[in-house]
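Asks:
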Amino acid sequence: MESYDVIVVGGGPAGATAAYFLARAGAKVCLVDKQTFPRDKVCGDGVVAASLTRLEQMNLGEWLAQNSFNAPGELLFSGPNGEAVHILPDDRERCYGRVIPRLQLDEAILQQAVKAGATLREEVKLTGITRLAADQLQLSGEGKNGRSHLQLHSKLLITADGAHASFTRTLGLVKGQPDLVAIRAYFEDVAGPESLLEIHYDRHVMPGYAWIFPLRNGAANVGLGTQVSRSRQRDYDLKENLRRFIKNNPYAKLRLDQAKMVGPLRGHPLRSQMKTVATVADNVLVAGEAAGLVNPLNGEGIGTAIISGELAARQAVAALASGNFSKGYLSDYARTLQQQIGRHHLIAGILRQLLAVPGLMNRAVRRARHDHDFAQTLFSVIVEVKPPSAILAPGFVLKLLAG
Ligand SMILES: Cc1cc2nc3c(=O)[nH]c(=O)nc-3n(C[C@H](O)[C@H](O)[C@H](O)COP(=O)(O)OP(=O)(O)OC[C@H]3O[C@@H](n4cnc5c(N)ncnc54)[C@H](O)[C@@H]3O)c2cc1C
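In structure tokens form, the structure reads like this:
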């Protein structure tokens, strides 16, 4: 019988981080993923500055330095009327984050977990769970194409199965569907400086935005995201809209006119509503996007996946030490998630709604062109250099509304 202290389902940033911290703490942990790594994940590949610090804490500092992933130092934002503002960081030493292909990022975190002592089971899709006792779960999974079956046992389960949360859903912990959707493609021979990261609140894309996130050697990740409800409207075709953005948006044209798309245009949903997921149950913790942790303002979910993976691991270590795996005991995790992420996301969600009004977004860009402090606050919040609470500074919302 294959038996562990903790089984983690999902080898993305949330699950791999949880497995890393559990293994480091001496727990016997198995990380299960239905795919084979390195595996790609449809994403913009934008890793915010705070997440780089977290990666360094997982001993990935050297890996970051060796690979010298692009670290854009300038931002270009445009509003729905086409007016744009160019932003440089206040402190030139400050970095807006890096653009790291998920094929590499996820593999790096996963290998740190393995190096720390986690057992990796790839190509295993978890399909069933039975609670045999207060400290014993039996999990069943199937191998590729449903050909082989296996059983695993553990005291605790951490689900980190991403936006679809298909396994977490079978536990009755997820209500509703993902609320956002985004698509992206990779391009080569992209014009313009590698240091310039672009976010365009294009009128055809709103509510939502299109991005050009430059990688090294003239490549870029280009995509757009919006609300699922908008994408289902008859006049809104995600793929067509991205093609139109690339061909017609004046800023995109400057960079992408001569560029070549490499690989397919791929889409994926995003889950940014924490209230739709119960993050604890007896013997179970939910982490990452499965827990609805994507930032509703910008679609960023790697950072919160890493944060929640570490928090879930800490909670699991405490449960293993106490021998208490009940929902009541594990609920500290849910409270900490609310404190560390929920409050930020509440404000970010309000800002998203304000900026979804084209007239307000236009006024915000116009004001940002001549009001340095306003520009630094607004766009630093959008790229997460500042927390969303920065918009509560005296006068900011008034300026946003008044233009
Ligand atoms: C187009 C797009 C652009 C985005 N851009 C950005 C960005 O620039 N920056 C950013 O921070 N975020 C971005 N996001 C969000 C980000 O990609 C996710 O929030 C992030 O991947 C969440 O990590 P995770 O570990 O929770 O889940 P995932 O990375 O989705 O990993 C989940 C894993 O679970 C596995 N799995 C699922 N079910 C099972 C099962 N039953 N058994 C075994 N394994 C299973 C899957 O194979 C997968 O490997 C973007 C999303 C999209 C769609």
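Sequential numbering from 19 applies to the sequence shown in our numbering.
In this text, a Cβ means the ideal position worked out from N, Cα and C, and glycines have one as well.
Quantities reported herein were computed from a predicted structural model and do not represent experimental measurements.
1) Helix, strand or coil for residue 202, going by three-state DSSP, please let me know.
2) For residue 275, count neighbouring C-beta atoms within 10 Å of its own C-beta (all shown protein chains included) and say buried if the count is 16 or more, exposed if not.
3) Straight-line CA distance for residue 398 to residue 93?
4) With DSSP as the reference, please indicate the residues paired to residue 304 in a beta bridge.
5) Along the beta strand (DSSP E) that carries residue 284, what are the first and last residues, could you check?
6) State the CB to CB distance for the pair residue 449 and residue 260, rounded to an integer number of angstroms; the pair is presumed to be in contact (CB under 8 Å).
7) Specify the secondary structure class of residue 418 as computed by DSSP and reduced to three states.
8) May I ask you to check if the CB of residue 184 is nearer than 7 Å to at least one heavy atom of ligand 1?
9) Any chance you could list the beta strand (DSSP E) runs of at least 3 consecutive residues sitting entirely within the segment 331-388, in chain order?
10) Comparing C-alpha positions only, which one of 232, 175, 207 sits nearest to residue 343?
11) Examine the Cβ distances between the segment 280-295 and the segment 186-198 and report whether three or more of them are shorter than 8 Å.
12) Would you call residue 116 buried or exposed, if buried means 16 or more other Cβ atoms sit within 10 Å of its Cβ?
13) Would the beta-carbon of residue 9 be found less than 7 Å away from any heavy atom of ligand 1?
14) Along the chain, where does the beta strand (DSSP E) containing residue 165 start, and where does it finish?
15) Compute the Euclidean distance between the alpha carbons of residue 95 and residue 220, then round it to the nearest angstrom.
16) What residues match up with residue 139 in a beta bridge as DSSP calls it?
17) State the start and end residues of the unbroken alpha helix (DSSP H) segment that holds residue 207.
18) Can you say whether residue 209 is buried or exposed, counting buried as having 16 or more other CB atoms within 10 angstroms of its CB?
19) Between residue 60 and residue 318, is the Cβ-Cβ spacing less than 8 Å?
20) With a 10 Å radius around its C-beta and 16 neighbouring C-beta atoms as the bar for buried, classify residue 9 as buried or exposed.
21) Relative to ligand 2, is the shortest distance from any of its heavy atoms to the C-beta of residue 48 smaller than 7 Å?
22) Going by C-alpha distance, which of 418, 361, 125 is nearest residue 312?
23) Among 389, 153, 325, which residue has its Cα nearest to the Cα of residue 302?
24) Beta-carbon separation of residue 306 and residue 30 under 8 Å?
25) Within 7 Å: the Cβ of residue 53 and any heavy atom of ligand 1?
26) Assign residue 417 to buried or exposed, taking buried as 16 or more other Cβ atoms, counted over all protein chains shown, within 10 Å of its Cβ.
27) Rank 391, 140, 381 by C-alpha distance to the C-alpha of residue 99 and give the top, closest one.
28) Kindly indicate which three-state DSSP category residue 322 falls into: helix, strand or coil?
29) Please report how far the alpha carbon of residue 167 lies from the alpha carbon of residue 173, in whole angstroms.
30) Take every Cβ of the segment 320-334, pair it with every Cβ of the segment 35-43, and state whether three or more of those distances are shorter than 8 Å.
31) With a 10 Å radius around its C-beta and 16 neighbouring C-beta atoms as the bar for buried, classify residue 410 as buried or exposed.
32) Under the criterion of a Cβ to heavy atom distance below 7 Å, does residue 113 qualify as lining ligand 1?
33) In or out: residue 322 buried (at least 16 other Cβ within 10 Å) or exposed?
34) Say the cut is 7 Å; is the CB of residue 168 nearer than that to a heavy atom of ligand 1?
35) Just to confirm, is the Cβ distance from residue 345 to residue 408 under 8 Å?
36) Assuming contact is defined by CB atoms lying nearer than 8 Å, are residue 281 and residue 178 in contact in what I supplied?
Replies: By the coordinates alone:
1) Residue mapping note: residue 202 aligns to position 184 of the sequence shown, counting from 1. Here residue 202 sits in strand by DSSP.
2) Mapped onto the sequence shown, residue 275 falls at position 257. With fewer than 16 Cβ atoms within 10 Å of its Cβ, residue 275 is classed as exposed.
3) Looking up residue 398 in the sequence shown gives position 380. Looking up residue 93 in the sequence shown gives position 75. Distance between the alpha carbons of residue 398 and residue 93 is about 10 Å.
4) Along the sequence shown, read from residue 1 onward, the residue named residue 304 stands at position 286. According to DSSP, residue 304 bridges with 177.
5) Along the sequence shown, one-based indexing puts residue 284 at 266. Where residue 284 is concerned, the enclosing beta strand (DSSP E) stretches over 278-288.
6) In this structure the chain extends from 19 to 421, so residue 449 is not present and cannot be described.
7) Here residue 418 refers to the residue found at position 400 of the sequence shown. Correct three-state label for residue 418: helix.
8) Here residue 184 is taken as the residue at index 166 of the sequence shown, counted from 1. Under cutoff, so the answer is yes.
9) none
10) Taking the first residue of the sequence shown as position 1, residue 343 is located at position 325. The option with the nearest alpha carbon to residue 343 is 175.
11) yes
12) Numbered from 1 along the sequence shown, position 98 holds the residue referred to as residue 116. Result: buried.
13) The first residue shown for the chain is 19 and the last is 421, placing residue 9 beyond what the model contains.
14) Here residue 165 is taken as the residue at index 147 of the sequence shown, counted from 1. That residue, residue 165, is in no beta strand (DSSP E); it is neither H nor E in DSSP.
15) As a position in the sequence shown, residue 95 is number 77, starting the count at 1. As a position in the sequence shown, residue 220 is number 202, starting the count at 1. Near 10 Å, if we compare the C-alpha coordinates of residue 220 and residue 95.
16) In the sequence shown, counting from the first residue as 1, residue 139 sits at position 121. As computed with DSSP, residue 139 is found in a beta bridge with 50.
17) As a position in the sequence shown, residue 207 is number 189, starting the count at 1. Per DSSP, residue 207 is not a residue of any alpha helix (DSSP H), being assigned neither H nor E.
18) For this step, residue 209 is matched to residue 191 along the sequence shown. When all chains shown are included, residue 209 counts as exposed.
19) Along the sequence shown, one-based indexing puts residue 60 at 42. Along the sequence shown, one-based indexing puts residue 318 at 300. No; because the gap between Cβ atoms is not below 8 Å, this pair is not in contact.
20) In this structure the chain extends from 19 to 421, so residue 9 is not present and cannot be described.
21) With respect to small molecules bound, the structure shown includes ligand 1 and not ligand 2.
22) The residue labelled residue 312 in the question sits at position 294 within the sequence shown. Residue 361 is the option with its Cα nearest to residue 312.
23) Within the sequence shown, numbered from 1, the residue matching residue 302 stands at position 284. The candidate whose alpha carbon is nearest that of residue 302 is 153.
24) Here residue 306 refers to the residue found at position 288 of the sequence shown. Here residue 30 refers to the residue found at position 12 of the sequence shown. Residue 306 places its beta carbon less than 8 Å from that of residue 30.
25) Start at 1 with the first residue of the sequence shown, and residue 53 comes out as number 35. Yes, the beta carbon of residue 53 sits closer than 7 Å to at least one heavy atom of ligand 1.
26) Counting from 1 along the sequence shown, the entry for residue 417 is found at position 399. By the neighbour-count rule (16 or more Cβ atoms within 10 Å), residue 417 is buried.
27) Along the sequence shown, read from residue 1 onward, the residue named residue 99 stands at position 81. Cα-wise, what sits closest to residue 99 is 381.
28) Taking the first residue of the sequence shown as 1, we reach residue 322 at position 304. Three-state DSSP puts residue 322 in a helix.
29) Against the sequence shown, residue 167 aligns to sequence position 149. Against the sequence shown, residue 173 aligns to sequence position 155. Between the C-alpha atoms of residue 167 and residue 173 there is a straight-line separation of about 20 Å.
30) yes
31) Here residue 410 refers to the residue found at position 392 of the sequence shown. Residue 410 should be labelled exposed.
32) Start at 1 with the first residue of the sequence shown, and residue 113 comes out as number 95. Checking every heavy atom of ligand 1 against the Cβ of residue 113, none is found closer than 7 Å.
33) By 1-based counting over the sequence shown, the position of residue 322 is 304. By the 10 Å Cβ count, residue 322 comes out buried.
34) To locate residue 168, count along the sequence shown from 1; it is residue 150. No, Cβ of residue 168 sits at least 7 Å from all heavy atoms of ligand 1.
35) On the sequence shown, residue 345 is found 327 positions in, with the first residue counted as 1. On the sequence shown, residue 408 is found 390 positions in, with the first residue counted as 1. In this structure, residue 408 does not lie closer than 8 Å to residue 345 by Cβ.
36) In the sequence shown, residue 281 corresponds to position 263, counting from 1. In the sequence shown, residue 178 corresponds to position 160, counting from 1. The answer is no: Cβ separation not under 8 Å.
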